[in-house]
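Below you'll find the structure, written out as structure tokens, and then a few comments.
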Amino acid sequence: MAQKTVLITGTPTGIGAACVARQAAAGWKVYAGVRKVEDGDRLVETVAGDVTPVLIDVTERDDIDRVLSQIRDEVGSLDGLVNNAGVAAGGAIELITDEEWRRHFDVNFFSLVTLTREAMPLVDAADGRFVHIGSITGRIANAGLAPYCASKHAVSAFSQALRGELRRNTKMTSSVIEPGEIKTAIWDKAD
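Positions in the sequence shown are counted from 1; adding 20 to them yields this note's numbering.
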């Protein structure tokens, strides 16, 4: 059986780093999306298995194209895409700027849509799976986290719609994971 391959975004810490460790331990080739070389180096040093860091800012189309081209050239397909990259900041709605709202949707939602769409031929070639990391706050919003909650609600809706579309025409699948609060670095960054 050929080695399975996955691209995971937002892997320096938290859920992303845990996904890298789990998939590498299961024998998968993991392309670990990071924004800094040192984060990728740390993953290679601390995670046993086949981990290849890839520099990707998920809001940059050139980065998406470059990483998907690398994967296409090296392995030809993806058994999985885990859209985990995200940001979280809070505050009262009347104090949150339009720019901050847009940043949340750009990172947490629109980049996920773009990466999913552009990776589809690679995932289709392996009859693979899309896994989108949402949040329970996409279902039950918290005061003070409106941009985060709203963007995660959009992730849930997107994943559900995608699952229905894929079911009709392909063997690909789409899932959304909606964890509750987990002690990860995203909350330290939000502070």
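All residues carry an ideal CB built from backbone N, CA and C; glycine is no exception.
None of the values given here were measured: they were computed from a predicted structure.
Quiz item: For Asp13, which of Gly158, Ala163, Gly60 and Ala139 has the nearest alpha-carbon?
Solution: In the structure as shown, the chain begins at 21 and stops at 211. Residue 13 is therefore absent and cannot be evaluated.
Self-check item: Thr72, enclosing beta strand (DSSP E) - first and last residue
Solution: Asp70 to Leu75
Practice problem: Give me the Cα-Cα distance between Thr25 and Ile91, rounded to the nearest whole angstrom. | Solution: 9 Å
Practice problem: Output the residue ranges of the alpha helix (DSSP H) runs that lie fully inside the region 92–151 and measure 4 residues or longer, sorted by chain position. | Solution: 118–125 and 131–145
Quiz prompt | Beta carbon of Val196 nearer than 9 Å to that of His152 | solution = With respect to the 9 Å criterion, Val196 and His152 are classified as neighbours on the basis of their beta carbons.
Self-check item: Distance between Arg137 and Ser97 (C-alpha atoms, nearest Å)
Solution: 14 Å
Quiz item: Do the CB positions of Leu75 and Val54 come within less than 9 Å of each other?
Solution: Yes, Cβ-Cβ distance for Leu75 and Val54 is below 9 Å.
Quiz item: Which residues in the same chain as Val40 place their Cβ atom closer than 7 Å to its Cβ, once the five residues preceding and following it in sequence are excluded?
Solution: Ile28, Thr31, Val50, Ala52, Leu63, Val67 and Val71
Self-check item: C-alpha distance - Glu120 paired with Ser179, whole-angstrom precision
Solution: 23 Å
Quiz prompt | Burial state of Asn104 (16 or more Cβ within 10 Å) | solution = buried
Quiz item: Helix or strand or just coil, what does DSSP make of Leu63?
Solution: helix
Quiz item: According to DSSP, what are the bridge partners of Lys49?
Solution: Thr25 and Asp70
Quiz item: Going by DSSP, which residues form a beta bridge with Ile160?
Solution: Answer by DSSP bridge pairing: none, since Ile160 is not bridged.
Practice problem: Tell me where the beta strand (DSSP E) around Ser195 begins and ends. | Solution: Thr193 to Ile197
Quiz item: CA-CA distance, Gln43 and Ser176?
Solution: C-alpha separation (whole angstroms): 23 Å.
Practice problem: Within the same chain, show all residues whose beta-carbon is closer than 6 Å to that of Arg149, passing over the 5 residues directly before and after it, in chain order. | Solution: Excluding residues within five positions, the ones whose Cβ falls inside 6 Å are Gly100 and Thr193.
Quiz item: Which term fits Leu115, buried or exposed, when burial requires 16 or more other beta carbons within 10 angstroms of its beta carbon?
Solution: So Leu115 ends up on the exposed side.
Self-check item: Spatial neighbours of Asp61 in its chain, beta-carbon cut-off 8 Å, leaving aside the 5 residues before and after
Solution: Pro73
Self-check item: Three-state class that DSSP yields for Ile153 in the structure shown
Solution: strand
Quiz item: Could you give the distance in angstroms between the alpha-carbon of Ile113 and the alpha-carbon of Ser131?
Solution: 23 Å
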